[in-house]
Amino acid sequence: MNGKEKYTVITGASSGIGYETAKAFAKRGKNLVIAARSKENLKKLKEEISHENPSLDVIVKAVDLSIISNVYQFYEDLKSYYIETLVNNAGFGNYSSVANQNLEKIGTMLRLNVEALVVLSSLFVRDYKDVDGTQLINISSNGGYIIVPNAITYCASKFFVSTFTEGLARELKECNAKLQAKVLAPAATKTNFGNTANNVEKYDYDKSFANYHTSKQMADFLLQLYDSTKVVGIVDRESFEFNLSSPLFNYSGNLKNNQKCCTS
């Protein structure tokens, strides 16, 4: 990879946290691969970045990552680039009781929030775990550390993201890998999340939440996590303060009752 230009890859970049994260990395002079379903929104983002940072290379990838065959093809298309950082931001939520949830929507949510993230993370780790300066940042949620009423399945999907990424971070550390895996856990953030989760055209964050962050604030928090050596960046649901920490889930380590690992 010597001599290759480095790129930051951001999924779900057409709006919200992903959109602002792309702009934040661009301000640091990072070349970008921005991916989402909406090609028009991605083109708008590229124009905005290119206006302020004309020397940067911004690659647009319009793709629906809830279709798993697209996920593999998307990563295959990235192989011509040197990926310095992968931000798995694509995802959406759902507010509904388990009894009344739309299972077609839930299936799409799980494929995007869980399966696509695992595939992209796994392929990236396989290729870059021994490359200096590389990072994987997976976007979870505060709901990936606490169960929120009426959002049970969404929280479960984000618990998966949190535990998967924390576990991966420990695995990488134990094998002395150079790649760092990190997880960002926002609380309420003013994006299109509320519209999609509630199946509405308009969503009023001021009426729905006593506190929330903007997408730009969350992008700033993500960069704080990026700059740190910590694994978790999480917003406190009560104070709405952002904290950096070591992994939060219990980890069994090399206890005698674990399955013995094959080292061959």
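Residue numbers in the sequence shown follow the working numbering, run continuously in steps of one, and reach 436 at the last position.
Positions of the beta carbon are idealized from the N, C-alpha and C atoms, including for glycine.
Predicted, not measured: the structure shown is a model, and the values here were computed from it.
- Message: Can you determine whether any heavy atom of the ligand GDP sits closer than 6 Å to the C-beta of Ser210, and answer yes or no?
- Response: Ligands in the displayed structure: none, and consequently the ligand GDP is not present.
- Message: Measuring CB atoms only, is the stretch 376 to 387 touching the stretch 320 to 331, in the sense that at least three cross pairs come out at less than 8 Å?
- Response: no
- Compare the beta carbon distance of Thr337 and Asn314 with 7 Å and say whether it is the shorter of the two. As a working mapping, residue 337 is identified with position 165 in the sequence shown. As a working mapping, residue 314 is identified with position 142 in the sequence shown. Their beta carbons are not under 7 Å apart, which means Thr337 does not touch Asn314 by this criterion.
- Cα-Cα separation between Thr193 and Val243, rounded to whole angstroms: Residue numbering aside, residue 193 sits at position 21 when the sequence shown is read from its first letter. Residue numbering aside, residue 243 sits at position 71 when the sequence shown is read from its first letter. For Thr193 and Val243, the distance between alpha carbons rounds to 21 Å.
- Task: Taking all protein chains shown into account, decide if Tyr423 is buried (16 or more other Cβ within 10 angstroms of its Cβ) or exposed.
- Result: For the purposes of this step, residue 423 is taken as residue 251 along the sequence shown, with counting starting at 1. So Tyr423 counts as exposed.
- Message: Taking the alpha-carbon of Asn460 as reference, which of Leu394, Gln396, Asn371 has the nearest alpha-carbon?
- Response: Since the first and last residues shown for the chain are 173 and 436, residue 460 lies out of range.
- Message: At the level of alpha carbons, what is the spacing between Gly279 and Ile239?
- Response: As a position in the sequence shown, residue 279 is number 107, starting the count at 1. As a position in the sequence shown, residue 239 is number 67, starting the count at 1. Cα-Cα distance, rounded: 11 Å.
- Mind reading off the beta-carbon distance from Gly263 to Leu282? Whole number of angstroms is fine, and I expect it under 8 Å. One-based indexing of the sequence shown puts residue 263 at position 91. One-based indexing of the sequence shown puts residue 282 at position 110. That pair is no contact at about 10 Å.
- Which whole-angstrom value is the C-beta distance of Ala341 and Val403, which I expect to be below 8 Å? Sequence index remark: in the sequence shown, residue 341 carries index 169 (1-based). Sequence index remark: in the sequence shown, residue 403 carries index 231 (1-based). So it is a contact: roughly 5 Å between Cβ atoms.
- Query: What is the DSSP secondary structure of Asn285, counted as helix, strand or coil?
  - Reply: The residue labelled residue 285 in the question sits at position 113 within the sequence shown. In this structure, Asn285 counts as helix in the three-state DSSP scheme.
- Query: Among the residues of its own chain, which have a CB less than 8 Å from the CB of Ile318, if the five just before and after it don't count?
  - Reply: As a first step, residue 318 is located in the sequence shown; it is residue number 146 there, counting from the start. Taken in chain order, the residues that qualify are Cys327, Arg409.
- Just checking my contact of Ala234 with Arg200 at CB under 8 Å: how many whole Å lie between their CB atoms? Translated into the one-based positions of the sequence shown, residue 234 becomes position 62. Translated into the one-based positions of the sequence shown, residue 200 becomes position 28. Going by Cβ atoms, the distance from Ala234 to Arg200 rounds to 25 Å, so no, they are not a contact pair.
- Between the Cα of Ala353 and the Cα atoms of Gly405, Asn364, Asn322, Ala359, which residue gives the shortest distance? Residue numbering aside, residue 353 sits at position 181 when the sequence shown is read from its first letter. Among Gly405, Asn364, Asn322, Ala359, the Cα nearest to that of Ala353 is on Gly405.
- Contact check, Tyr179 vs Tyr247 under 8 Å by CB: the rounded distance? Against the sequence shown, residue 179 aligns to sequence position 7. Against the sequence shown, residue 247 aligns to sequence position 75. Going by Cβ atoms, the distance from Tyr179 to Tyr247 rounds to 13 Å, so no, they are not a contact pair.
- Message: For Thr401 and Asn430, what's the separation of their Cα atoms in angstroms?
- Response: As a first step, residue 401 must be located in the sequence shown, where it is residue number 229. As a first step, residue 430 must be located in the sequence shown, where it is residue number 258. About 28 Å.
- Task: Look at Ile189 and Asn261 and say whether their C-beta atoms are less than 7 Å apart.
- Result: Numbered from 1 along the sequence shown, position 17 holds the residue referred to as residue 189. Numbered from 1 along the sequence shown, position 89 holds the residue referred to as residue 261. Yes, the pair counts as a contact, with Cβ atoms nearer than the cut-off.
- Query: In three-state terms, what does DSSP make of Gln389?
  - Reply: Locating residue 389 in the sequence shown gives position 217, where the first residue counts as 1. Gln389: helix per DSSP, three-state reduction.
- Going by other Cβ atoms of all chains shown within 10 Å of its Cβ, with 16 needed for buried, is Ala391 buried or exposed? For this step, residue 391 is matched to residue 219 along the sequence shown. Label assigned to Ala391: buried.
- N-terminal and C-terminal residue of the beta strand (DSSP E) that Glu256 is part of: Within the sequence shown, numbered from 1, the residue matching residue 256 stands at position 84. That run of the beta strand (DSSP E) goes 254 to 260.
- Count the other C-beta atoms from every protein chain shown that fall within 10 angstroms of the C-beta of Ser417, then say buried if there are 16 or more, exposed otherwise. Stepping through the sequence shown from its first residue, residue 417 is reached at position 245. So Ser417 ends up on the exposed side.
- Taking the C-alpha atoms as reference points, what is the distance between Asn225 and Ala198? Here residue 225 refers to the residue found at position 53 of the sequence shown. Here residue 198 refers to the residue found at position 26 of the sequence shown. Cα to Cα, the separation comes out at about 7 Å.
- Task: Determine the burial state of Ser312: buried for a count of at least 16 other Cβ atoms within 10 Å of its Cβ, exposed for fewer.
- Result: Position 140 of the sequence shown, counting from 1, holds the residue named residue 312. Buried is the call here.
- Message: Measuring only the C-alpha atoms, how far is Ser222 from Lys428?
- Response: As a working note, residue 222 is residue 50 in the sequence shown. As a working note, residue 428 is residue 256 in the sequence shown. If you take the alpha carbons of Ser222 and Lys428, they lie about 55 Å apart.
- Query: Nearest to Glu413 by CA position, among Ala360, Gly366, Ala369, is which residue?
  - Reply: For the purposes of this step, residue 413 is taken as residue 241 along the sequence shown, with counting starting at 1. Comparing Cα positions, the closest option is Ala360.
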